[in-house]
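Visitor: Below: one structure in C-alpha cells.
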Amino acid sequence: MPHHGEPACAFSHRAVAVCHPLQVLGNGLYYQTTISDGAQGIVLPMVLAVMILVFLLVTVAVSQSVRTHHAAMGEWEMIRAQYAAESGIARVQQKLHSDPSWSGRLTTRMNGMKATTTIVERHDGNIRLRSVAEGKRVKQTVRVELEWGDTGN
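Residue numbering for the sequence shown is 379 to 531, as defined by the working numbering.
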C-alpha cells in the first residue's frame, strides 16, 4: 500500500507507468495513470488507415454499381428504340396495304420513343423504308427493302 503522497502505479516488464496527481480528497491522494507500451501511438493511425480503406472499397463498389445500372438502362433504351423503329415500319406496311400509292412520312410514338418512318425509294416493285426512332439518349435507325410486286404483299 502506497504511503501518503506516493502514486499508486503498477508496472509491467513492457509498460511504463506514468502517474499524474489529480486532486486531493479527504485523507488520500488520487492519481490518473497513463500506461504507454509503445503501441498506443500506432492505434489511431491504424484505425484511420482501415477506415480509409473501407471507405475507398465502398466508394468503388457503389461507383461500379451505378455504372452497371446506367449501362443496363442504356441498353434497354436501345432495345426500346429498336422496337419503336420496327413498329413504324410495320405501320407503313399496313398503310401501303390499304393505299399502295401512299408516299410520305409516318410518326409513331411508343414507349417514350418517337419513330419517324419514310419511304426512301421505289423501284422495280421494291420499296425502301427508313425508320428512325429517338429517345432521350438514343437514336436507332432501321432500313428495310420490301418486295412489293403486283400482288400487293
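Idealized CB from N, CA, C, for every residue including glycine.
1) Taking the beta carbon of V421 as the centre, do at least 16 other beta carbons fall within 10 Å, making it buried, or is it exposed?
2) In this structure, how does DSSP classify K492 when only helix, strand and coil are distinguished?
3) May I have the straight-line CA-CA distance separating V522 from E464, to the nearest angstrom?
4) Suppose the cutoff is 8 Å on Cβ atoms and the five residues either side in sequence are ignored; what does the same chain contact list for K514 look like?
5) Out of V428, A450, L524, which one is the CA nearest neighbour of T496?
6) L431: buried (16+ other C-beta within 10 angstroms of its C-beta) or exposed?
7) Could you give the DSSP three-state label for R487: helix, strand or coil?
8) Helix, strand or coil for R521 per DSSP?
9) For S509, is the classification buried or exposed, using 16 other Cβ atoms within 10 angstroms of its Cβ as the cut-off for buried?
10) Quick check on this structure: which residue in T437, V470, E512, G452 has the alpha carbon closest to the alpha carbon of W526?
11) Looking at C-alpha atoms only, which residue of S443, Q442, P478, T437 is the closest neighbour of N504?
12) Whole angstroms are fine: how far does the CA of A427 sit from the CA of Q460?
13) Please classify A450 as buried or exposed, where buried requires at least 16 other C-beta atoms within 10 Å of its C-beta.
Guide: Reading from the atomic positions:
1) exposed
2) strand
3) When rounded, the distance between both Cα atoms is 10 Å.
4) E455, G490
5) The option with the nearest alpha carbon to T496 is L524.
6) exposed
7) strand
8) strand
9) Burial call: buried.
10) V470
11) P478
12) 49 Å
13) exposed
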